[in-house]
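Note that the protein sequences, when read in sequence, are chains A and B. Okay, so the first sequence: first residue is 1 according to this note's numbering, each after it adds one. Okay, so the second sequence: first residue is 1001 according to this note's numbering, each after it adds one. Every residue gets a Cβ at the ideal spot worked out from N, C-alpha and C, and that includes glycine. Notes follow the structure.
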Amino acid sequence: NAGVTQTPKFRVLKTGQSMTLLCAQDMNHEYMYWYRQDPGMGLRLIHYSVGEGTTAKGEVPDGYNVSRLKKQNFLLGLESAAPSQTSVYFCASSYRGYNQPQHFGDGTRLSIL
Amino acid sequence: AQSVTQPDIHITVSEGASLELRCNYSYGATPYLFWYVQSPGQGLQLLLKYFSGDTLVQGIKGFEAEFKRSQSSFNLRKPSVHWSDAAEYFCAVGNAGGTSYGKLTFGQGTILTVHP
Chain A
1 NAGVTQTPKF RVLKTGQSMT LLCAQDMNHE YMYWYRQDPG MGLRLIHYSV
51 GEGTTAKGEV PDGYNVSRLK KQNFLLGLES AAPSQTSVYF CASSYRGYNQ
101 PQHFGDGTRL SIL
Chain B
1001 AQSVTQPDIH ITVSEGASLE LRCNYSYGAT PYLFWYVQSP GQGLQLLLKY
1051 FSGDTLVQGI KGFEAEFKRS QSSFNLRKPS VHWSDAAEYF CAVGNAGGTS
1101 YGKLTFGQGT ILTVHP
């Protein structure tokens, strides 16, 4: 049982390059989330999805886009990477409902030079 | 807007000592509260959660937390810390309601160091 799988685990980009982070979950969860984690700031929500074909902005959405074409996958895109986007990115998923715990992947460490 | 404060950035305890990690939240109605633990290089793992009912909740790995509405707190405790408990701990709050969609607000985290 894989749970939530994020690929890649590490990536180094140059400023202005683009890339896509993939999150896959095998728990048939309705809700999926993308967070970024920066030292001393906890986790901040970038975008989230409440079902296939739906996405919504979180707390820090600027510079990111997302897509959820399949229920099990949630993609996070950086169109033109900036050094300020250097961070650790976490994907999470949960069942429908406001009291369901979120299940997290192991993260993607992204450096923008 | 809801918010979470973890006053202690870094705590050091000796193995076998008791532990209390503080969490204060700001939210108008009854919150939904969680504690997660993150080991180095890993994702977050759920330790315990509070939704309603008994204000003392038990979690995995021998952890417990107490919800105190009057103090807007949800502190995490463990009676005897093990070296394997060294990690970063996050408190998070969510809210009820159809449009919350399970979104959480996280505290800044508390790093726990355990001395042998």
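At least one CB of chain B closer than 8 Å to the CB of Y89/A: is that the case?
-> no
Buried or exposed: where does Y1010/B fall if 16 or more other Cβ atoms within 10 Å of its Cβ makes it buried?
-> A small fix is needed here, since residue 1010/B is His in this sequence, not Tyr. Counting Cβ neighbours within 10 Å, H1010/B comes out exposed, since fewer than 16 surround it.
Unbroken beta strand (DSSP E) run spanning F10/A, endpoints | F10 to L13
Nearest candidate by alpha-carbon position, reference C1023/B, set W1083/B, A1087/B and R1077/B | Measuring from the Cα of C1023/B, the nearest candidate turns out to be R1077/B.
Kindly say whether F1074/B, judged by its beta-carbon, lies nearer than 8 Å to any beta-carbon of chain A.
-> no
Closer than 8 Å to chain A by CB, Q1042/B = yes
List the DSSP bridge partners of T7/A.
-> L22/A
Report the residues of the segment 47-70 of chain A with a CB closer than 8 Å to any CB of chain B, ordered along the chain.
-> Y48, V50, A56 and G58
Whole-angstrom distance between R96/A and Y1101/B, CA atom to CA atom = 7 Å
Same chain only: Cβ atoms within 6 Å of S1018/B, ignoring 5 sequence neighbours per side | P1079
Any chance the segment 1055-1070 of chain B sits against the segment 61-80 of chain A, with 3 or more Cβ pairs inside 8 Å?
-> no
Are the Cβ atoms of S87/A and L110/A separated by less than 8 Å?
-> yes
So what's R1069/B in DSSP terms, helix, strand or just coil?
-> helix
In the DSSP assignment, find the beta strand (DSSP E) that holds S80/A and state where it starts and stops.
-> If you look at S80/A, you'll find it isn't in any beta strand (DSSP E); DSSP assigns it neither H nor E.
Should the segment 42-62 of chain A be called in touch with the segment 14-26 of chain A, which here means at least 3 C-beta pairs below 8 Å?
-> no
Step through the CB atoms of chain B and report whether any lies within less than 8 Å of the CB of L22/A.
-> Chain B, which has no Cβ nearer than 8 Å to the Cβ of L22/A, makes this no.
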